[in-house]
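Below is one structure; the comments refer to it alone.
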Amino acid sequence: MMRLPLPTLIGLFITGLFLFTAIFAPWIAPYGVSEVVGDVWEPASAEYWLGTDNIGRDLLSRMIWGGQTTIFVAIAATVVSFVTGSVLGLFAAVVGGWLDQLMSRFVDLIMAIPTLIFALVVLSVMPVTIPVLILVMGLLDSTRVFRLSRAVASDIAVMEYVESARLRGEGRAWVIFREILPNALSPLVAEAGMRFIFMVLFVSTLSFLGLGVQPPAADWGGIVKENKDGIVYGIPAALLPAVAIAALAISVNLVADWVLDRTSSLKGGRNA
Amino acid sequence: MNALVLKLLVQRIALGLLLIFLVSIMIFLGTQILPGDVAQSILGQTATPESLANLREELGLNVPPLERYLNWLGGVVRGDLGTSLTNGRDIGASIADRLGNTLFLAMWAAIISVPLAITLGLVSVLYRGRWPDKLISAVTLSAISVPEFMMSYILMYYVAVQLGWAPSVAMLNDRMSLLDKLHAISLPVAVLVMVVLAHMMRMTRAALLNVMQSAYIETAELKGLRRASVIWRHAFPNSIAPIVNVVMLNMAYLVVGVVVVEVVFVYPGMGQYLVDHVAKRDVPVVQACGLIFAAVYIFLNMFADIVSILANPRLRHPK
Amino acid sequence: MTDQTKGTTFQRFSQKGMTRRQMLGRASVLGLGVLVGGTVPFRAALAQSPVKGGILKMGLGGGESTESLDPAMALAQVAFHVTRTFGETLLDVNNDGSLDMRLAEDVSSSPDAKTWTFKIRQGVKFHDGAVMTANDVLETMRRHSDEEAKSGALGIMKGIADMRVDGDNFVVELTDANADLPFLMSDYHLVIQPNGGRDNPNAGIGTGPYKVVEAEPGVRYTFEKFADYWDDSRGHFDGVEFAVINDATARNAALQSGQVHIVNQVAPKVAGLLGRAPGISVKNVSGRGHYVFIMHCDTAPFDNADLRMALKYAINRQELVDKILQGYGSIGNDIPINSAYPLFDDSIPQREYDPEKAKEYYAKSGHDGSPIILRVSDVAFPGAVDAAQLFQESARACGIPLEISREPADGYWSEVWNVQPFCASYWSGRPVQDQMYATAYLSTADWNDTRFKNETFDAKLFEAKGELDGAKRKQLYREMADILSNEGGLICPMFNDFIEGVSDQIAGWEQNGVWEVMNGLAPHKCWLA
Chain Z
6 MMRLPLPTLI
16 GLFITGLFLF
26 TAIFAPWIAP
36 YGVSEVVGDV
46 WEPASAEYWL
56 GTDNIGRDLL
66 SRMIWGGQTT
76 IFVAIAATVV
86 SFVTGSVLGL
96 FAAVVGGWLD
106 QLMSRFVDLI
116 MAIPTLIFAL
126 VVLSVMPVTI
136 PVLILVMGLL
146 DSTRVFRLSR
156 AVASDIAVME
166 YVESARLRGE
176 GRAWVIFREI
186 LPNALSPLVA
196 EAGMRFIFMV
206 LFVSTLSFLG
216 LGVQPPAADW
226 GGIVKENKDG
236 IVYGIPAALL
246 PAVAIAALAI
256 SVNLVADWVL
266 DRTSSLKGGR
276 NA
Chain G
3 MNALVLKLLV
13 QRIALGLLLI
23 FLVSIMIFLG
33 TQILPGDVAQ
43 SILGQTATPE
53 SLANLREELG
63 LNVPPLERYL
73 NWLGGVVRGD
83 LGTSLTNGRD
93 IGASIADRLG
103 NTLFLAMWAA
113 IISVPLAITL
123 GLVSVLYRGR
133 WPDKLISAVT
143 LSAISVPEFM
153 MSYILMYYVA
163 VQLGWAPSVA
173 MLNDRMSLLD
183 KLHAISLPVA
193 VLVMVVLAHM
203 MRMTRAALLN
213 VMQSAYIETA
223 ELKGLRRASV
233 IWRHAFPNSI
243 APIVNVVMLN
253 MAYLVVGVVV
263 VEVVFVYPGM
273 GQYLVDHVAK
283 RDVPVVQACG
293 LIFAAVYIFL
303 NMFADIVSIL
313 ANPRLRHPK
Chain A
9 MTDQTKGTTF
19 QRFSQKGMTR
29 RQMLGRASVL
39 GLGVLVGGTV
49 PFRAALAQSP
59 VKGGILKMGL
69 GGGESTESLD
79 PAMALAQVAF
89 HVTRTFGETL
99 LDVNNDGSLD
109 MRLAEDVSSS
119 PDAKTWTFKI
129 RQGVKFHDGA
139 VMTANDVLET
149 MRRHSDEEAK
159 SGALGIMKGI
169 ADMRVDGDNF
179 VVELTDANAD
189 LPFLMSDYHL
199 VIQPNGGRDN
209 PNAGIGTGPY
219 KVVEAEPGVR
229 YTFEKFADYW
239 DDSRGHFDGV
249 EFAVINDATA
259 RNAALQSGQV
269 HIVNQVAPKV
279 AGLLGRAPGI
289 SVKNVSGRGH
299 YVFIMHCDTA
309 PFDNADLRMA
319 LKYAINRQEL
329 VDKILQGYGS
339 IGNDIPINSA
349 YPLFDDSIPQ
359 REYDPEKAKE
369 YYAKSGHDGS
379 PIILRVSDVA
389 FPGAVDAAQL
399 FQESARACGI
409 PLEISREPAD
419 GYWSEVWNVQ
429 PFCASYWSGR
439 PVQDQMYATA
449 YLSTADWNDT
459 RFKNETFDAK
469 LFEAKGELDG
479 AKRKQLYREM
489 ADILSNEGGL
499 ICPMFNDFIE
509 GVSDQIAGWE
519 QNGVWEVMNG
529 LAPHKCWLA
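Protein sequences appear in the order of chains Z, G and A. Anchor point for the first sequence: position 205 equals 210 in this note's numbering, and the numbering is continuous, going up by one each time. Anchor point for the second sequence: position 164 equals 166 in this note's numbering, and the numbering is continuous, going up by one each time. Anchor point for the third sequence: position 190 equals 198 in this note's numbering, and the numbering is continuous, going up by one each time.
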């Protein structure tokens with residue numbers, strides 16, 4: 006067991022805490038997500054630990070449910086992004102040739118459009134529901150995973166052990182999943198952390214713009230939007246969800262930094 | 003300038019134009035991917051057979067997609083962006099001022115953030131592993147983790163409302179002097195600078211460190227040159243191309259940041275306009291705005307590549 | 009709504025004001041003919057002498073990028089203020105219900121209240137230099153009576169049989185008697201323009217104390233002092249600037265950071281917080297403004313009377329008053345009339361939140377259970393999105409699936425209100441019941457935003473106009489209220505105060521709840537201290 010640096014430990018602890026509350030939200034949250042329990046913007050009290058929100062719902066409960074939505078959407082989008090991006094990326098690297106060229110150029114093309122802008126274009130005709138959000142964010146972001154996994158796999162694909170597997174006559178799928186993927190895993194895991202943060206910020210931004218999760222469902226960006234009138238008076242309901250977003254992003258970042266430091270010199274792929 | 007450089011430049015510009023053309027296809031397809039009928043999804047519950055038929059007509063859905071695309075593209079090339087579905091206005095006329103405002107905002111954010119990011123990147127490499135590096139890393143890590151809207155509201159609260167140093171709402175007009183205009187947009191620019199700076203600084207630092215691992219740097223260090231001078235004389239010139247790339251990659255954050263910041267500070271630019279029309283499902287406006295944002299971004303990238311071609315010592319001084 | 013001037017009403021000042029207004033209002037309604045002229049009661053308040061000069065800056069919510077300067081088309085708050093700033097009407101209604109003679113010096117009626125004569129003020133100049141005549145008044149009224157002009161005042165012009173010029177007088181002949189006609193002429197759309205504004209409706213030419221300099225709809229408007237303005241007691245600023253700030257957070261921040269002197273549409277939930285900020289006071293005044301959810305009675309699924317009734321029972325009005333108005337207002341009863349109106353019948357039973365009845369009506373309506381979409385935006389009224397969420401919750405408890413669709417601020421009044429079948433909105437109210445009903449509930453009114461078409465109701469409205477017996481008229485209004493409440497598409501949960509944030513640099517502020525921001529007269533009457 007190696008010793009973890011302090012920032013990483015803090016990051017792991019906070020990330021774990023957020024995940025725990027998200028998973029067990031129904032048991033932890035004192036009230037329902039849209040249950041109106043008190044007056045508007047009540048201060049913190051024994052009854053409402055973080056006070057109440059813009060129409061008198063318990064803020065703590067709303068933050069917990071909101072965290073569940075935000076984290077679930079971000080994880081699901083990250084999974085979509087990874088499965089699509091890495092499978093296609095590895096495939097492109099192994100197959101090579103015109104197919105690789107075609108896919109790579111297509112990805113270049115998608116990446117020539119800023120992600121938020123393309124997402125807005127697509128959302129202008131799609132119903133804004135959580136599955137649609139996950140798919141749109143995940144697919145658009147898979148381009149970055151594609152690039153990274155293709156680059157990593159291209160390096161690995163020329164290694165002797167891959168070559169020997171090919172000479173043994175193994176099929177492409179075998180080469181991809183048994184030889185390349187295991188060796189490409191650690192840079193991809195570090196990248197997953199970065200993509201997850203990007204997704205959290207992305208869905209929060211969409212919700213803040215009113216184009217993400219729709220009321221009465223809650224997510225952190227949406228809670229900020231609902232309570233923003235109070236922000237210039239220091240009402241915590243407007244600030245706390247944003248703090249939660251930042252705390253989650255920083256802690257995942259700390260963990261990802263550590264993973265990245267331990268693995269290869271691959272530092273790319275941080276750009277959103 | 004020599005023939006090789008010229009050829010590269012021409013190639014790069016041609017590639018940029020091709021890319022914009024292809025992006026126009028993507029944006030067009032992006033609004034057509036919905037299985038079923040766009041008109042139905044725009045109208046939703048209020049759809050009646052007549053209103054559906056009208057909207058299909060207006061969107062040109064009765065025409066085959068290829069023809070529809072060519073009509074749209076033809077219009078764009080002639081400078082006709084079409085008319086808005088919701089208010090029937092000419093999109094080009096509605097956008098003109100807004101585009102200028104947005105570019106003005108983004109330009110100043112870039113003018114401030116780029117030199118700052120590069121300087122900070124140099125500083126943090128110079129003091130690698132010591133407190134200035136760690137401080138800069140910690141601050142930039144926080145900055146990229148905080149959503150833009152939160153940073154905007156925090157600045158609005160402290161700087162504008164509490165301290166009264168800057169206006170909280172970015173209102174521009176033609177009669178203002180440049181200085182007044184800069185004062186008016188100081189907060190949105192500050193937010194954009196922080197967002198872009200953090201990303202840019204981190205990547206500049208990485209790019210410089212990469213160069214620092216090269217053999218010639220080691221040679222220079224072994225010659226006994228001071229570290230600052232190694233970085234400035236040897237590492238930096240060779241990092242210009244990667245840094246320019248970093249700068250341009252981060253312009254994507256500027257585009258995203260602009261959208262959010264405009265909404266928060268009620269700035270009459272493209273971002274607010276786009277967001278409103280996405281919510282209204284005004285497809286022609288969204289297509290036009292999407293294309294413009296993408297074209298600006300592609301143009302910036304093209305510009306970056308041109309700079310790195312021109313800055314590349316090996317191309318400038320061919321053997 | 010627009011235009012409605014939608015305002016907010018506040019209760020604190022209402023008690024006394026209402027009584028006074030009611031008394032005066034009733035006096036006028038009883039057909040006592042000539043109404044009092046003059047601003048006498050207010051002159052005293054203005055005794056501290058105004059300081060000339062400076063620029064008034066107002067941050068206003070409720071503006072759209074598609075607006076024009078045509079007073080006929082004025083719809084949301086910003087257009088209202090623009091119209092009031094560059095133009096004037098024949099007369100204004102004061103907060104106490106008396107009349108303030110402006111471009112008309114005097115008004116009188118025949119004993120049967122069918123013929124009304126307005127004596128037009130002489131020597132008043134338009135911004136283009138022309139002198140205003142009775143003919144300009146006539147043309148203005150004709151234009152607003154014209155269906156094509158799509159004027160927001162069209163509904164109230166309906167009862168006019170003939171208009172003519174008689175020397176310096178403008179004479180109106182009514183088909184039926186109407187004791188309230190002078191009130192109708194105070195409608196803010198009826199700004200007197202050269203040749204009625206027919207030559208160029210968007211020119212923004214009027215007789216007001218300020219000329220339009222720049223108009224960037226949805227962004228900003230600037231005005232400069234009109235040197236030839238006729239009334240020295242008004243128009244103290246050198247110029248006026250309106251910044252359109254639809255976002256409430258940014259609007260209040262602009263006031264707090266000193267960028268603007270006055271903001272409108274302060275949400276009750278932040279009113280107390282804003283009032284604590286240094287150098288700022290929060291002004292509130294009650295009136296006739298109300299916040300509403302409106303259904304189109306002729307559009308599915310709202311063409312089903314049982315579904316409308318189900319929704320009326322599924323809203324918890326008291327909760328909305330408590331949460332959204334925070335004491336700055338009072339409960340509504342699905343009619344656009346409250347006790348601030350003359351001839352209001354306070355014996356109408358209050359409709360309560362009743363999940364059982366809501367379920368019953370919902371079942372009876374046979375609605376297929378698909379979500380009912382309620383469109384809403386922050387500009388509909390302060391706290392509209394919050395109110396919609398509370399509505400959604402209370403409806404859910406009745407088994408009614410409401411779905412909230414948040415719409416952008418820009419375009420809300422032109423593309424959602426009066427277009428979509430179910431949305432949030434506001435009305436600022438009108439001085440008298442007749443005007444309120446004629447503006448929005450008459451079958452043929454252009455602003456009939458509930459598509460309420462009821463012949464019995466229309467007939468009673470016209471009958472009431474000519475009914476000079478107060479008790480009978482009150483009875484007619486009661487019957488109309490019952491019809492509207494039971495069959496109409498209006499869900500009116502609350503009457504609001506108008507709440508504004510005002511910098512301490514502004515002097516000369518008056519309580520005026522006819523419309524928001526001193527009935528749009530802050531630029532006319534205030535000055536920089």
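Beta carbons: idealized from backbone N, C-alpha and C, even for Gly.
Check	Outcome
Close Cβ partners of residue 143 (chain A) (< 7 Å) along its chain, the five nearest in sequence each way excluded	173
Three-pair Cβ contact test at 8 Å for the stretch 200 to 220 of chain Z versus the stretch 217 to 231 of chain A	no
Top-ranked residue by Cα proximity to residue 225 (chain Z), from Z:126, Z:92, Z:247 and Z:253	Z:247
Sequence-distant residues of its chain with Cβ nearer than 7 Å to residue 468 (chain A) (five each side left out)	484, 487 and 488
Neighbour flag for residue 83 (chain Z) against chain G, beta carbons, 8 Å	no
Coil, strand or helix - residue 173 (chain Z) by DSSP	coil
Coil, strand or helix - residue 41 (chain A) by DSSP	Since pLDDT at residue 41 (chain A) reaches only 37, below the 50 mark, its modelled position is unreliable, and the value read off the structure follows with that caveat. Correct three-state label for residue 41 (chain A): coil.
Supposed contact pair residue 456 (chain A) and residue 491 (chain A) - C-beta distance, whole angstroms, cut 8 Å	Actually they are not in contact, since the Cβ atoms of residue 491 (chain A) and residue 456 (chain A) sit about 14 Å apart, beyond 8 Å.
Inter-residue spacing [alpha-carbon to alpha-carbon] between residue 152 (chain G) and residue 146 (chain G)	12 Å
Inter-residue spacing [alpha-carbon to alpha-carbon] between residue 32 (chain G) and residue 237 (chain Z)	38 Å
Per DSSP, cross-strand counterpart(s) of residue 16 (chain Z)	Partner(s): none; residue 16 (chain Z) has no beta bridge.
Minimum Cβ-Cβ distance from residue 122 (chain Z) to chain A less than 8 Å	no
Pick from G:299, G:103 and G:282 that is closest to residue 258 (chain G), judged by C-alpha positions	G:299
heavy atom of the ligand HEM below 7 Å from residue 178 (chain Z) C-beta	Summarising the ligand content, the structure contains no ligands, and the ligand HEM is consequently not present.
Spatial neighbours of residue 244 (chain G) in its chain, beta-carbon cut-off 6 Å, leaving aside the 5 residues before and after	209
Segments of 3+ residues assigned as beta strand (DSSP E) that fall wholly inside the stretch 471 to 531 of chain A	498 to 504 and 506 to 511
Proximal residues, the stretch 257 to 275 of chain A versus chain G, C-beta separation under 7 Å	258, 261, 262, 264, 265, 266 and 267
Reduced DSSP secondary structure (H/G/I, E/B, other) of residue 442 (chain A)	helix
Cβ pair residue 344 (chain A), residue 448 (chain A) closer than 8 Å	yes
Residue 166 (chain G) versus G:157, G:174 and G:173, residue with shortest Cα-Cα distance	G:157
Min CB distance residue 94 (chain Z) to chain A below 8 Å	no
Beta-carbon proximity list for residue 49 (chain Z), same chain, < 7 Å, skipping 5 on both sides	55 and 56
Neighbour-count burial assignment, residue 401 (chain A), 16 or more Cβ in a 10 Å radius	buried
Of the residues A:91, A:171 and A:160, the one placed nearest residue 125 (chain A), counting alpha carbons only	A:171
In chain order, each beta strand (DSSP E) run of at least 3 residues that lies wholly inside the stretch 87 to 115 of chain A	99 to 101 and 107 to 109
Helix, strand or coil at residue 218 (chain A) [DSSP, three-state]	strand
Rounded separation between residue 521 (chain A) and residue 263 (chain G) - CA only	36 Å
Neighbouring residues, chain A, relative to residue 238 (chain Z) (Cβ below 7 Å)	278 and 281
Simplified DSSP assignment, three categories, for residue 35 (chain A)	Low local confidence applies: a pLDDT of 38 at residue 35 (chain A) is under 50, so the model's placement there is unreliable, with the coordinate-based value given in what follows. The answer is helix: DSSP assigns residue 35 (chain A) an H, G or I state.
Burial state of residue 452 (chain A), where buried means 16 or more other Cβ atoms lie within 10 Å	exposed
Residues that DSSP places opposite residue 288 (chain A) in a beta bridge	A:511
Per-residue DSSP class, three states only, for residue 46 (chain Z)	coil
Proximity of residue 341 (chain A) and residue 534 (chain A) at Cβ, strictly below 8 Å	no
Proximity to residue 196 (chain Z) [Cα-Cα], best of Z:262, Z:249 and Z:172	Z:262
Bridge-paired residues (DSSP) for residue 179 (chain Z)	Answer by DSSP bridge pairing: none, since residue 179 (chain Z) is not bridged.
Interface residues of chain Z facing residue 32 (chain G) [CB-CB closer than 7 Å]	123, 126 and 127
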